[in-house]
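K.L.:
Quick one: the structure is below, and I'll ask about it shortly.
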Amino acid sequence: MTAPVRLRPRATAALVISGAIGIAAFGWPLLLTPDAGLAHGTDAPWIFALLLPLVLAVVLAEISEGGMDSKAVAMLGVLSALGAAIRPLGAGTAGIETVFFVLVLGGRVFGPGFGFVLGNTMLFTSALLTGGIGPWLPYQMLGAAWVALGAGLLPPLRGRAEPVLLAAYSAAASLVYGLLLNLSFWPFALGAGSTGLSFQPGGPVVDNLVRLLAFSLATSLGWDIGRAVTTTVLVLITGPVLLRTLRRAARKAAFDYDRGRRAATSANASNTSAPTTPDTDSASAIVIVDPSRSEP
Amino acid sequence: MIRFENVSVSYPDAPGPTLSEVDLHVPEGELCLVVGRTGSGKSTLLRAVNGLVPHFTGGTLTGRVLVDGRDTRTHPPRELADVVGLVAQDPQAGFVTDSVEDELAYSMESLGLPNPVMRKRVEETLDLLGLADLRHRPLATLSGGQQQRVAVGAALTAHPRVLVLDEPTSALDPGAAEDVLAALHRLVHDLAMTVLIAEHRLERVAQYADRVVWLPGDAKPVAGDPGEVLAGAPVAPPVVRLGQLAGWRPIPVSIRDARRLAGPLREQLGPPPTDHPARHTATPSPAGHRTRNGRTAPPADTHTGPDNGTPLLRAEDLKVRYGTVEAVRGIDLSVGEGERVAVMGRNGSGKSSLLWALQGTGKRSAGTVSVNGTDPADLKPGPRRRRIGLVPQQPADLLYLHTVAAECAQADRESDQPRGTCRAALDRLTPDIPDRQHPRDLSEGQRLALALAVALTPRPRVILLDEPTRGLDYPAKTRLAEALHTLADEGHAIILATHDVEFVAEYATRVIVLAEGETVADGPTGEVVTASPTFSPQTAKVLAPLPWLTVTDVATALATR
Amino acid sequence: MNRALHPGAWWLWALGLAAVGSRTTNPLMLGLVIAIAGFVAVTCRQDTPWASSYGVFLKFGLVVIGIRVAFHVLLGGIGGPTVLFALPEVPLPDWARGIRLGGPVTAEGLVFALYQGLQLATLLCCVGAANALANAKRLLRSLPAALYEVSVAVVVAMTVAPQLVAGARSVRRARALRGEAVRGIRAVKVLMVPVLEDAFERSLVLAAAMDSRGYGRNAGLPTSTRLLTGALVLGGLIGLCVGAYGLLDGSAPTVAGVPMLALGTVLAVAGLRTGSRRVRRSRYRPDTWGAREALVVGSALVAALATVFSPAGLGGSALSPATVPLEPPQLPLLPALGLLCALAPVLTPERKTP
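Chains as they are written, first to last, in the UniProt record's numbering: chain A, 1 to 296; chain B, 1 to 561; chain C, 1 to 354.
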């Protein structure tokens, strides 16, 4: 299987560094030391809310620097549309979250690079369609991108183990995603130090962690568990069928024909000429065979 | 302008080459029509012109294709975008943006043209295609014909030398098709554009063609003068068939040419017998392709109209309203056993809404429907489909399993019929569909047959079909008409919604014309279709004022005289 | 002049209002911000699907205030002398680290919680106004060219999403024709497969259309430019990373904080710009910045500056009214006058063209 979005070393490096920045952006209430400049102002949430869009833009630009093939872009568009279209189905109903299983399956079939971009485009599209742009959007995008990227990095199991693996991953990823988003919203929602569940700037990490968990418990735990359960159930029930459908689509799409052409011309050198030499005789052939099709 | 030199194309998973040894030259300023049966490689040929085959689709192409001197081996589609404009079959599926102006500008943006040039070309194109009033509209709100014209416009703004269109009118009603074709005609005449079109609805396009290329599928393609080439092909519009039958030379492709030659035939034929006895006893057609063997007309054929026979389906004052839009405004309808009714009308005239409301699954705002005395909307979906079946516009919507066999087995199960019922129905419609095939990989005709077989499995007495002839070639349509004849003869009542006037002439006993949700005409086919130039078939146009409808009728009349 | 305002201008305007909202807990100021955002949103919005966003965000804001107050009542926090009533205190185990459940509820704490909730609601209203005013699709067109592929994917998604919904509807109807009314989780499977298959076929048709229309005609960048882009981008990211952690850690040298963050931002933006050169395409009717955009952004800037730099005598001291002891909020003069400037967009009415 060819990956529709390849991660070159530079893009990988950018992803790793952005990951570190992301951890700071999500986790600053826990990481803050008492004597830090940010500890007493109310600026920290703002700085990170403005910083994250830039980081996301740079990383996405770096991933697509090699140029994304039209099939990959169209597939990204269609899967993002799917997520954006079914997202409202769950909104309002406690914890029914229908987006995550598309992210997990998409990342699984099309690879981590595609998954990262998919998480971003899907949440962004959804926000554009519903008028839900706000400071929380970059956090959601980054979180969703990590979920899909992680799904792409799972070990290559096949058969019956695969849906189980994906379901377990979905459950864990949904919970972590919920916790991360709570973490980002926490200082906004309750203001530093103003209630028993507010974060204490520069306080001991364990204390703040306990408060965060209590805050989650009090606000969104129901939703988070609902999300984990729906995603897991959806992955278990629809996983086998949808994985087959997605893989059929990936095979038919035959991503990245330029690379396919190179592989095919070298494999079939006996009866083909390289398409880049225009002055060969007119009986010559161009062979562009998708490598995935030539697999048995 | 376009030159194919010994071009063959094959795909790795196909048994044989899709195109073999095509030599073709289309000079500048010509409108060239590509014809052939479904699966004969028309789309492959069109897509080879701008390099999508093989750069995009994969596969092997031998020989070479030159467009305006550029070799597609060294120029992928994006590098040919300024020379070739491609308009795909379903315009909506190819839209990248969502408003008219943005869509028109998209190609130019990709080519990196400066803003003043883009502004100028967008204005020109809006005028050329009559889209100026629609410039700010979202694409999704346009009608099919408007969307198709936007798609043509979007290809034109890059100022290509060649325009390639794959079935540009197949989804359009006759009026909208005329608009699109008139626009193309203007491009060829005024701007010396080279146009390559593939189309199944030859009766619409053939008259505009300077040259026809026929892909037989298993032999070398034949190119040449439209009349001559079409006469030899299994797909030809009725006017060509009529010309062959009457022995006219040169074989006409336009109504105008045919009428000039038709005087003697009109005199020889005289008016058709009033009850059309000939219409249902077909003889082998001039091209020699298979048609129905002679069958006597069932009595129901002559007793059409709401007053006769035992009505199987009766609707009174049927209304369908979506929000503020009244799709159907009070239709009364009564259809008897053995009747074959065609519902015609512009896109958006309420045909689909009517069918869905009759079936009971769709919305009904007011009125009554009864099928053999029962209102289908009161039934659960299971019992409902045993009384009245519907094949939707996209037959694929009915299908969701991975093989034909699985679909058939599922249909038997959900209809409580013995195993093999669906498969038997399918084999009667179209034999030789492999069990293991994926329903999505079937041809349009095969997929329609499968959907129809699924709908027939619970043995309903009334069958509704929504636009069944979309994407079917002439032999497939003949086959469908035969199948529907047989079903009607067995006592079914059949109603179908369609734009296809030639098919209606061949198939229907009664025509209902809708406009804005109201019945504007209802009567025997002969009377209704000859009364309006839009709905009149080619044979009727050529032989007017005599109300002959199909070539088969004429042939039978000539043979018996 | 019937062109709609640049969407970026609206976002900057809303950001200016939000900056005011984040600097004050004075309910009079906050109410003024909400009113101004609402008035401008209702006056200047266009006939778009997002036009009603402001109302949605306003309701959301009310919910947030409710939650904030409920938290205070249940969990306490800021205390004060005026005890209104007392809830029974639930003893929590040791590991709860000082979280208190129940207990006395004071007027001071309640007012403080109200102020804070109102502040958050104000920020939400600013965001809601921006959503209602800025045309999101045109915002997409203003993304840097280096994000071209991603933005095309989003454009495609926005076009395809309604088509998918329509497709799902027709598949669902068709399923009823086969005698099943599908519900629940099984429906997902039965409906998803045809819809997805359809969507994927569609994506291939679309990709072919994009290719035929010149998608991906990118300028090959010289190796030196590519290396420069890479260095700028990675350098920028490292700078941002170091800066972020520097800000969080008080023991880090000062250089590792704000200066590093600024340097990283400059490098990253420069990297985006050089990277944009690889995309060789032009824009049809690009959104431009003109006098009206300047006016809109300037008005919000005045409002923000008037609040941030307001001297104590001219209202700066009234921005955060004390809650212990409770005192009635005063209207801060200069900030309130500055805030009124943010009404300026109303003076440039746009015609309601999409």
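Note that beta-carbon positions come from the ideal geometry of N, C-alpha and C, so glycine has one too.
Is Pro135(A) near the ligand FAD, in the sense that its beta carbon is under 7 angstroms from a heavy atom of that ligand?
P.N.:
You won't find the ligand FAD in this model; it holds no ligand whatsoever.
K.L.:
Any beta carbon from chain B within less than 8 angstroms of Gly298(C)'s own beta carbon?
P.N.:
No - not a single Cβ of chain B is within 8 angstroms of the one on Gly298(C).
K.L.:
Can you find at least 3 beta carbon pairs, one from the segment 528 to 544 of chain B and one from the segment 364 to 381 of chain B, that sit closer than 8 angstroms?
P.N.:
At 8 angstroms Cβ cutoff, the stretches do not touch.
K.L.:
What are the start and end residues of the beta strand (DSSP E) that includes Asp522(B)?
P.N.:
That run of the beta strand (DSSP E) goes Glu518 to Pro524.
K.L.:
Quick check on Val9(B) - is its C-beta less than 8 angstroms from some C-beta in chain C?
P.N.:
No, no contact with chain C.
K.L.:
Pick out the complete beta strand (DSSP E) segments inside the segment 381 to 437 of chain B, 3 residues or longer, and give them in chain order.
P.N.:
Fully enclosed beta strand (DSSP E) runs of 3 or longer: 388 to 391.
K.L.:
Check each candidate in Ala107(C), Ser53(C) and Gln116(C) and name the one with the smallest Cα separation from Leu30(C).
P.N.:
Checked all of Ala107(C), Ser53(C) and Gln116(C); the closest Cα to Leu30(C) is Gln116(C).
K.L.:
From the beta carbon of Asp256(A), is the nearest beta carbon of chain C less than 8 angstroms away?
P.N.:
Residue confidence is low: Asp256(A) scores 48 on pLDDT, short of 50, so the model does not pin down where it sits. Its coordinate-derived value is still stated next. Taking Cβ atoms only, chain C never reaches closer than 8 angstroms to Asp256(A), which makes this a no.
K.L.:
Can you tell me which of Leu62(C), Pro91(C), Leu15(C) and Ile34(C) puts its alpha carbon nearest to the alpha carbon of Arg100(C)?
P.N.:
Cα-wise, what sits closest to Arg100(C) is Pro91(C).
K.L.:
What three-state label does DSSP hand Gly445(B) in the structure shown?
P.N.:
Gly445(B): helix per DSSP, three-state reduction.
K.L.:
For a test of the three-state rule: what should DSSP assign to Leu196(B), helix, strand or coil?
P.N.:
Note: Leu196(B) maps to strand in three-state DSSP.
K.L.:
Do Asp82(B) and Ala158(B) have their C-beta atoms within less than 8 angstroms of each other?
P.N.:
Yes, Cβ-Cβ distance for Asp82(B) and Ala158(B) is below 8 angstroms.
K.L.:
Where Pro277(B) and Ala424(B) are concerned, what is the direct C-alpha to C-alpha distance, given to the nearest angstrom?
P.N.:
With a pLDDT of 42 at Pro277(B), under the threshold of 50, the predicted position of this residue should be treated as unreliable, and no value is reported.
K.L.:
Rounded to whole angstroms, what is the Cα-Cα separation between Ser320(C) and Thr25(C)?
P.N.:
Distance between the alpha carbons of Ser320(C) and Thr25(C) is about 5 angstroms.
K.L.:
Is the separation between the beta-carbon of Ala199(C) and that of Leu398(B) shorter than 8 angstroms?
P.N.:
For Ala199(C) and Leu398(B), no; Cβs fall outside 8 angstroms.
K.L.:
Measure the alpha-carbon distance for Ala557(B) versus Gln244(B) and round it to whole angstroms.
P.N.:
Rounded to whole angstroms, Ala557(B) to Gln244(B) spans 15 angstroms at the Cα level.
K.L.:
Checking contacts by CB at 8 angstroms: is Lys59(C) closer than that to chain E?
P.N.:
No chain E is present in this structure, whose protein chains are A, B and C.
K.L.:
Below 9 angstroms between beta carbons is the criterion; list the residues of the segment 143 to 168 of chain A that meet it against any residue of chain C, in chain order.
P.N.:
So nothing in the stretch comes that close.
K.L.:
Is there a Cβ of chain A sitting closer than 8 angstroms to that of Pro114(B), yes or no?
P.N.:
So no, Pro114(B) is outside the interface.
K.L.:
Quick check: what's the CA-CA separation for Arg266(B) versus Thr245(A)?
P.N.:
Going from the Cα of Arg266(B) to the Cα of Thr245(A) covers about 58 angstroms.
K.L.:
Inspect the beta-carbon positions of Leu84(C) and Ala107(C) and report whether they are closer than 8 angstroms.
P.N.:
Yes.
K.L.:
Counting only C-beta atoms, is Tyr284(C) closer than 8 angstroms to chain B at any point?
P.N.:
By this cut-off, Tyr284(C) is an interface position.
K.L.:
Is it buried or exposed for Ala449(B), if we count other Cβ within 10 angstroms and need 16 for buried?
P.N.:
Buried: at least 16 other Cβ atoms inside 10 Å.
K.L.:
I want to see whether chain C comes within less than 8 angstroms of Asp13(B), judged by CB atoms only; does it?
P.N.:
Not one chain C Cβ lies under 8 angstroms of Asp13(B).
K.L.:
Which class does Glu62(A) belong to by DSSP, given the choice of helix, strand or coil?
P.N.:
Looking at Glu62(A) - three-state DSSP - the assignment turns out to be helix.
K.L.:
Going by DSSP, what residues sit across from Arg314(B) in a beta bridge?
P.N.:
According to DSSP, which records beta bridges pairwise, Arg314(B) is partnered with Ser334(B) and Ser370(B).
K.L.:
Output yes if chain C places a C-beta closer than 8 angstroms to the C-beta of Leu19(B); else output no.
P.N.:
False, the Cβ-Cβ gap to chain C never drops below 8 angstroms.
K.L.:
Relative to chain C, which residues along the segment 72 to 88 of chain A have a C-beta separation below 7 angstroms, given in chain order?
P.N.:
Residues Val73, Ala74, Met75, Leu76, Gly77, Val78, Ser80, Ala81, Leu82, Ala84 and Ala85.
K.L.:
Contact defined as beta carbons within less than 8 angstroms: I believe Ile63(A) pairs with Leu7(A). What is the distance between those atoms, to the nearest angstrom?
P.N.:
Indeed they touch by this definition, with Cβ atoms about 7 angstroms apart.
K.L.:
So is Tyr400(B) in contact with chain C if we call contact Cβ pairs under 8 angstroms?
P.N.:
Tyr400(B) counts as touching chain C.
K.L.:
Can you give the beta carbon distance from Val462(B) to Ala493(B), rounded, assuming they're within the 8 angstroms contact cut?
P.N.:
Going by Cβ atoms, the distance from Val462(B) to Ala493(B) rounds to 5 angstroms, so yes, they are a contact pair.
K.L.:
Met141(A) to Gly119(A), Cα distance in whole Å?
P.N.:
Looking at the two C-alpha atoms, the distance is approximately 6 angstroms.
K.L.:
Please classify Leu31(B): does DSSP put it in a helix, a strand, or coil?
P.N.:
Of the three classes helix, strand and coil, the one that applies to Leu31(B) here is strand, per DSSP.
K.L.:
Chain A partners of Ser320(C), CB-CB under 9 angstroms?
P.N.:
Here the premise fails: no neighbours, minimum Cβ distance about 11 angstroms.
K.L.:
DSSP state of Ala263(A), grouped into three classes?
P.N.:
Unreliable placement is indicated for Ala263(A), whose pLDDT of 36 sits below 50; the coordinate value is still reported in the next sentence. Note: Ala263(A) maps to helix in three-state DSSP.
K.L.:
Output the distance between the C-alpha atoms of Ala20(A) and Thr98(A), rounded to the nearest integer angstrom.
P.N.:
Taking the straight line joining both Cα atoms gives about 28 angstroms.
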